[in-house]
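Some notes on the structure that comes next.
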Amino acid sequence: MHLSALVAVRRRVAKSSRLTYALAGRLFTCRLACLWSVAAVTVAVWGPANVRAQTAIAASRTGGANFEVPAWSYPYPPGRPAPGAAVKEPAREADSVALFHVPNSTAAFTEAQVENLFGVADWHPDAHPAMPDIVMHGRRPTVMACGFCHLADGAGRPENAMLAGLPAGYIEQQVKDMRSHARKAAWPGPYGPSDYMRAIADSATDTEIAEAAQYYSQLSPRLRSRSVETTTIPKPVPRVGLYFPAAGGGTEPLGKRLITMPSDTLRHDLRDPGFLYVTYVPPGSIARGKALATTWREDGAAPCTSCHGEELHGVGPIPPTAGRFPAYILRQLLAFKTRARSTPASLPMNDVASKLSLDDMIAVAAYEGSLNP
Ligand code: HEC
Ligand code: HEC
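This is the structure in structure tokens:
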């Protein structure tokens, strides 16, 4: 989000340097890549002050003794304030001439079309039923098209959520919980994607939410991330909701973190639903996550499968977790643990999460997020 600022930078950079990308055998002229270097410089300048600020914020919501929401779990450009409810329309500034393509689609869209908050650039219109107006266009000025973030087929992106295949009643209830502020993000500092989602929940009508819920609930979820165990990762640079490999290359130790990056930054920027993200987790996470998900623990804690189903595909009103973005699963576990997400329906999860350490949450998110949805 905050595309207007990004686009303004991008336009300036674009004038002086145009990069050529090779993508699945086709060549695209891309000015988007220049952003990485801008972001890297921003991190260098703003990093230390921002880390201090984030640490202070984290200390304010501990969710129980000695537990702090880690700042890295909500990637966001350092120093950038919360967006507020006012929706900018960067599409007016974006390039509306050069056409982009993605693999396996005959569609062609300009940057302005891809970044249009009130009209979804649909790469695969044949892969899903017709979108209701609220999903395709949203409603000005505040209710951005649901499909802009959750995509036309509901596969979503790691910074938001996969909606495809969630029970319709669950989708409606979640938006209402956000509107009543019973469901908040675990991280109390700025995080554009969730801040915008909350503004949308405030403004969307019950009828619009019901139409979107009906639409997304009938679609099939698809695996969009693979989990990789490692100790070293490409040097990560936070953009809005997601990490990207630093333009200058380099690596750094992963430590005890869960870091998701797009396997292809251009396809991410083009909002292509057809490629995989990579989620890096510490060695041993997947086996540890599997044990947590499937076996009863000594402290009496129930395995995830006891409520979410043998395959973690959901049971009745209980949502599926298999194949949802690991970063999203982790952020929700943090929200349950800190009770930022606290409703009558969430009580079982508040209890489950209270017994999980951060390492447990990373592990179970990496495992469940790597299963077939
Ligand atoms: C600006 C991007 C954006 C747009 C547009 C958007 N959402 Fe979201 N949505 C998010 C983010 C981010 C989250 C995760 C929120 C969190 O938990 O912090 C989310 C979460 C959700 C969830 C919860 C999913 C779950 O698994 O519990 C639902 C339901 C939802 N959105 C519905 C909608 C609907 C309906 C619309 C259109 C009216 C919409 N969203 C538009 C960003 C967006
Ligand atoms: C006692 C039953 C129960 C158990 C055990 C349980 N869950 Fe849940 N889970 C729920 C319910 C109910 C919800 C829906 C909460 C709501 O409506 O807000 C949920 C929601 C979730 C969500 C949010 C999904 C979304 O779309 O936002 C995640 C993530 C999750 N559970 C993960 C887990 C994991 C991981 C485990 C095991 C460590 C687990 N759950 C164990 C009952 C359970």
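Take 48 as the starting number for the sequence shown in the numbering used here and just add one per residue. Beta carbons are placed, not taken as given, at the ideal position from N, Cα and C, and that holds for glycine. Source: prediction; values computed, not measured.
- Taking 8 Å as the upper bound for CB-CB distance, R318 and L198 are in contact here, some 7 Å apart.
- Contact between A246 and T189 holds: their C-beta atoms lie close to 6 Å from each other, under 8 Å.
- With respect to E158, A141 sits close: the two C-beta atoms are nearer than 7 Å.
- Exclusion of the five residues before and after A229 leaves S389, T390 as the residues of its chain whose Cβ lies within less than 7 Å of its Cβ.
- Bridge partners of R273 according to DSSP: V325.
- With fewer than 16 other Cβ atoms inside 10 Å of its own Cβ, R344 counts as exposed.
- Here G347 is exposed. Its C-beta has fewer than 16 other C-beta atoms within 10 Å.
- Put simply, the region 357 to 367 does not touch the region 323 to 332. Fewer than three CB pairs are less than 8 Å apart.
- Burial check for Q221: the Cβ neighbour count within 10 Å reaches 16 or more, so the residue is buried.
- DSSP places F195 within a helical segment (H, G or I) once states are collapsed to three.
- Collapsing the DSSP output to three states places M178 in coil.
- For the pair A340 and V411, the CB atoms are nearer than the 7 Å cut-off.
- Not one heavy atom of ligand 2 falls within 6 Å of the beta-carbon of M244.
- Remark: the C-beta of P240 is in contact range of ligand 1, defined as less than 6 Å to any heavy atom.
- The beta carbon of A168 sits closer than 7 Å to those of F156, Q160, V161, R318, all from its chain and outside the five residues before and after it, given in chain order.
- Counting along the chain, the unbroken beta strand (DSSP E) around V284 starts and ends at 283 to 286.
- Taken through DSSP and simplified to helix, strand or coil, P292 comes out as strand.
- Residues of the same chain with a CB within less than 6 Å of the CB of A260, apart from the 5 flanking positions on each side, are A215, I218, E219 in chain order.
- In this structure, the beta-carbon distance from L164 to M191 falls below 7 Å.
- In this structure, M178 places its C-beta atom within 7 Å of the C-beta atom of G194.
- Of the candidates P205, P124, L381, P124 places its Cα closest to the Cα of P237.
- With 16 or more other Cβ atoms from the protein chains shown falling within 10 Å of its own Cβ, A232 counts as buried.
- Going by beta carbons, D249 and A129 fall outside the 7 Å limit.
- The beta carbon of A374 sits closer than 7 Å to the beta carbons of P205, L305, T307, T326 from its chain, once the five residues preceding and following it are set aside; these are given in chain order.
- A residue is called buried when at least 16 other Cβ atoms come within 10 angstroms of its Cβ; L359 meets this threshold and is buried.
- Counted as a single uninterrupted DSSP element, the stretch harbouring T341 is not any beta strand (DSSP E) but the alpha helix (DSSP H) occupying residues 332 to 341.
- Of the residues assessed, N151 falls on the exposed side of the cut-off, its CB having fewer than 16 other CB atoms within 10 angstroms.
- Within the chosen limit of 6 Å, ligand 2 does not reach the beta carbon of L198 with any heavy atom.
- With respect to the 7 Å criterion, K282 and A293 are classified as neighbours on the basis of their beta carbons.
- By the neighbour-count criterion, in which 16 or more other beta carbons inside 10 Å mark a residue as buried, E255 falls on the buried side.
- Residue environment for R187: exposed (fewer than 16 other C-beta atoms within 10 angstroms of its C-beta).
- Look at F147 here: in three-state DSSP terms it is strand.
- In the structure shown, T252 adopts coil according to DSSP, grouped into three states.
- Residue range 306 to 309 is occupied by the beta strand (DSSP E) that includes T307, with no alpha helix (DSSP H) assigned at that position.
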